[in-house]
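Enquirer:
In our numbering, the protein residues as written are 871 to 1065.
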């Protein structure tokens, strides 16, 4: 009986339009049946292409037992939810909606602080996830390219890693230091008014 499908992701970073390629592979035996799956995830700026191929030998009935896991993308997930709420989530500023999300962020931060005081780790996790959700909602509400901005900030953060050691340099207080030649993220291109 097939109980789970394990996927191994191998991230490959490239310059240019292709940001990340994820290749997943899995194979396992069930009775005398071999199941193999592979997939490719390509991020071409705002376009997402998902390709999954599944090969099953000797047991077609196993096909219904395979569940390809959801490829987590909080930005598109929140955009889908916002559209279901009749909210704008495209490349346009919605000031009223943006103000709402800013208030929601403040509320969720207060809930986080309360849960920390009460030492309630379940509520802390709930508040942290909610902070992510409403923050992404605010970014969409301001008409920004959330994924593009995320990738820009992530790349500049990763540029702080010393390629020789694979580690960042820190001050005594734990603050990560910027290496010589480091450049701050350029976020203007991800705002609709600068496109």
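Positions of the beta carbon are idealized from the N, C-alpha and C atoms, including for glycine.
Is residue 1064 near the ligand COA, in the sense that its beta carbon is under 7 Å from a heavy atom of that ligand?
Expert: In the structure shown, the ligand COA is absent, as is every other ligand, since no ligand is present at all.
Enquirer: Flag this pair as yes or no: are the beta carbons of residue 1017 and residue 1057 separated by less than 8 Å?
Expert: no
Enquirer: Give every residue of the same chain whose Cβ lies closer than 8 Å to the Cβ of residue 980, excluding the five residues on either side of it in the sequence, and list them in chain order.
Expert: Sequence-distant Cβ neighbours of residue 980 in its own chain, meaning closer than 8 Å and more than five residues away, do not exist here.
Enquirer: Rounded to whole angstroms, what's the CA-CA distance from residue 1033 to residue 1053? Just pull it up for me.
Expert: 16 Å
Enquirer: Give every residue of the same chain whose Cβ lies closer than 6 Å to the Cβ of residue 958, excluding the five residues on either side of it in the sequence, and list them in chain order.
Expert: 964
Enquirer: May I ask you to verify whether the segment 964 to 976 touches the segment 999 to 1019, counting CB pairs closer than 8 Å and requiring at least 3?
Expert: Because the criterion of three Cβ pairs below 8 Å is met, the segment 964 to 976 and the segment 999 to 1019 touch.
Enquirer: What does DSSP give as the partner residue(s) for residue 1061 in the beta ladder?
Expert: In the DSSP output, where bridge partners are listed per residue, residue 1061 has 1014.
Enquirer: With 16 as the cutoff for other CB atoms within 10 Å, does residue 1062 come out buried or exposed?
Expert: exposed
Enquirer: Spatial neighbours of residue 1019 within its chain, please: CB distance less than 6 Å, with the 5 preceding and 5 following residues excluded, ordered by chain position.
Expert: 1057, 1060
Enquirer: Between the alpha carbons of residue 947 and residue 1000, how many angstroms are there, rounded?
Expert: 13 Å
Enquirer: Quick check on DSSP: helix, strand or coil for residue 1038?
Expert: Assigned with DSSP and collapsed to three states, residue 1038 falls in coil, not helix or strand.
Enquirer: Who are the near neighbours of residue 1064 in its chain, counting only those whose CB is closer than 8 Å to its CB and skipping five residues on each side?
Expert: 1058
Enquirer: Applying the criterion that 16 or more other CB atoms from any shown protein chain within 10 Å of the CB defines a buried residue, is residue 967 buried or exposed?
Expert: By the neighbour-count rule (16 or more Cβ atoms within 10 Å), residue 967 is buried.
Enquirer: Where do the N-terminal and C-terminal ends of the alpha helix (DSSP H) with residue 953 fall, by residue?
Expert: 944 to 954
Enquirer: What is the C-beta distance between residue 1047 and residue 1040, in whole angstroms, given that I count them as a contact (C-beta under 8 Å)?
Expert: 6 Å
Enquirer: Which stretch, first to last residue, makes up the alpha helix (DSSP H) that contains residue 986?
Expert: 965 to 987
Enquirer: Would you mind sorting residue 990 into buried or exposed? The rule is 16 or more other CB atoms within 10 Å of its CB.
Expert: exposed
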